[in-house]
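Okay, structure first, notes after.
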DNA sequence: ACGCGCTTGTGAACGGTTGCACAAAGTCGT
DNA sequence: ACGACTTTGTGCAACCGTTCACAAGCGCGT
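Chains as they are written, first to last, in the numbering used here: chain V, 295 to 524; chain D, 295 to 524.
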């Protein structure tokens, strides 16, 4: 976004990168998980129809999504599971291990720390940090909790590129600022606040209450419709 | 915008309200939270500009979103905070208290059970359920854990309309089926699986690993771009 | 009372996403 | 070897969502 194509489009090595659409990127992890599940059942190939159904999307959408990565299917047969896993992982940048720092070790933080999905895929928790001095030193999920003051040090030494915020809402913006100050440019925020960040920093929010309220809207709508037809 | 409904639009009972777009619905909770935060600082009115910035969106988008609910602003002044809270809450169906059943009381389940955001807004945890008999009877966040077998009973007696799944992935589909069987039509799924449900049932997924992978994609892209320009 | 400045609400243009429908391309059985 | 069958990859059209730009409306100061 910052370094736009300066004059000649020759800076791009091979223009094979047709810029994967954001909506597609958001679905790739779902496909990847479905593929892993299929692999465990022993399947070696899948049709777009079968994979789409396992991922909860339409088959045309799936095929179009995959076509943005390249042409890795075989007509008349389908996709080879392992090959697809490889290519999707590559597109998502999971070839390398990303170091993650987790800030805030309450119940949610512990749930995240204990979550198996980290090590399996390409993520490694570099450190658990908490502002509460009484908690520092406790061991959670096999790791000692360290002080929030060690943030810069951790980010530098462990080459952390992703920060996860699982603090109370009041602390989130401050922690965010510290993360950005330390050089972290990707943040996953579980605190119920909208974080203000400079350009070039990506933030993704996960908010339980939001999701419940969206469900509430649909329940409400269903209930109102039912009332009308009654 | 209401007057010129020439002919057909006026007598269609079902299409009474102009159907709030899904993308807008997803943002309403964010606005609501920002408004509550503003209310606590003593503000009684906000401009679309100020509220938009607090919510992390553009002001035009905010105004268009709000316009789907009605015309509740005052030109030259802005929106009255309390009034907007009232109308957004109404649109989201938060006027009534929804009963929620939480299945799976591991670390994540405990984090959710202890989350303040439930009681504050219009949600009430009707029961905590877990399949592990050894856990049944334990008290978490002031509530006793009950057996998963009591699901039907709980849903019926407590008029539960929303189910939250915080179990391991393996158990999620089974729990989902039970919830649907008991009559629950809105499900919030924290387990890393895509649930298969019949039509008429809404499912929202929250998946930590997905979010991390999306961040990974962007980090990867940034890193690749930086490499090229170097 | 009246114009001035501010802010909302919205029509219209734009860009991205979805779904359809089908040609291209492969496999399998005979 | 070949035709029937299957499934991918994609052009196209409809749809949805975002952004721009501005007229309409409101309060305030004079």
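Using N, Cα and C, we set each Cβ at its ideal position, and we do this for glycine too.
Look at residue i and residue j and say whether their C-beta atoms are less than 7 Å apart.
i: residue 388 (chain D); j: residue 416 (chain D); result: yes
i: residue 469 (chain V); j: residue 459 (chain V); result: yes
i: residue 472 (chain V); j: residue 495 (chain V); result: no
i: residue 329 (chain V); j: residue 379 (chain V); result: yes
i: residue 500 (chain V); j: residue 491 (chain V); result: no
i: residue 466 (chain D); j: residue 487 (chain D); result: yes
i: residue 339 (chain D); j: residue 374 (chain D); result: yes
i: residue 450 (chain D); j: residue 423 (chain D); result: no
i: residue 521 (chain V); j: residue 455 (chain D); result: no
i: residue 408 (chain V); j: residue 435 (chain V); result: yes
i: residue 393 (chain V); j: residue 452 (chain V); result: yes
i: residue 349 (chain V); j: residue 325 (chain V); result: yes
i: residue 421 (chain D); j: residue 448 (chain D); result: yes
Are there 16 or more other CB atoms within 10 angstroms of the CB of residue i, so buried, or fewer, so exposed?
i: residue 315 (chain D); result: exposed
i: residue 508 (chain D); result: buried
i: residue 391 (chain D); result: exposed
i: residue 327 (chain D); result: buried
i: residue 457 (chain V); result: buried
i: residue 445 (chain V); result: buried
i: residue 359 (chain D); result: buried
i: residue 369 (chain D); result: exposed
i: residue 461 (chain D); result: buried
i: residue 404 (chain D); result: buried
i: residue 474 (chain D); result: buried
i: residue 317 (chain D); result: exposed
i: residue 518 (chain D); result: exposed
Out of the options, point me to the one whose CA is closest to residue i's CA.
i: residue 362 (chain V); options: V:385, V:492 and V:445; result: V:385
i: residue 503 (chain V); options: D:450, D:418, D:489 and D:503; result: D:418
i: residue 371 (chain V); options: V:333, V:341 and V:435; result: V:341
i: residue 601 (chain D); options: D:474, D:357, D:358 and D:483; result: Any property of residue 601 (chain D) remains undetermined from this structure, which presents chain D solely from 295 to 524.
i: residue 426 (chain D); options: D:399, D:333, D:435 and D:436; result: D:399
i: residue 377 (chain V); options: V:437, V:332, V:517 and V:420; result: V:332
i: residue 493 (chain D); options: D:317, D:325, D:320 and D:477; result: D:477
i: residue 382 (chain D); options: D:517, D:322 and D:354; result: D:322
i: residue 319 (chain V); options: V:347, V:516 and V:355; result: V:355
i: residue 347 (chain V); options: D:437, D:489, D:406 and D:351; result: D:489
i: residue 505 (chain V); options: D:406, D:357, D:313 and D:351; result: D:406
Ends of the beta strand (DSSP E) at residue i?
i: residue 373 (chain D); result: 372–374
i: residue 457 (chain D); result: 454–459
i: residue 499 (chain V); result: 496–499
i: residue 418 (chain V); result: 417–424
i: residue 593 (chain V); result: Only positions 295 to 524 of chain V appear in this structure, which leaves residue 593 (chain V) out of reach.
i: residue 441 (chain D); result: 437–441
Could you give the first and the last residue of the continuous alpha helix (DSSP H) run that contains residue i?
i: residue 359 (chain D); result: 353–361
i: residue 321 (chain V); result: 316–334
i: residue 482 (chain V); result: Counting along the chain, residue 482 (chain V) falls outside any alpha helix (DSSP H), though it belongs to the beta strand (DSSP E) covering 480–483.
i: residue 468 (chain D); result: 463–476
i: residue 408 (chain V); result: 401–408
i: residue 489 (chain D); result: From DSSP, residue 489 (chain D) is part of no alpha helix (DSSP H); its letter is neither H nor E.
i: residue 515 (chain D); result: 502–523
i: residue 343 (chain D); result: 342–349
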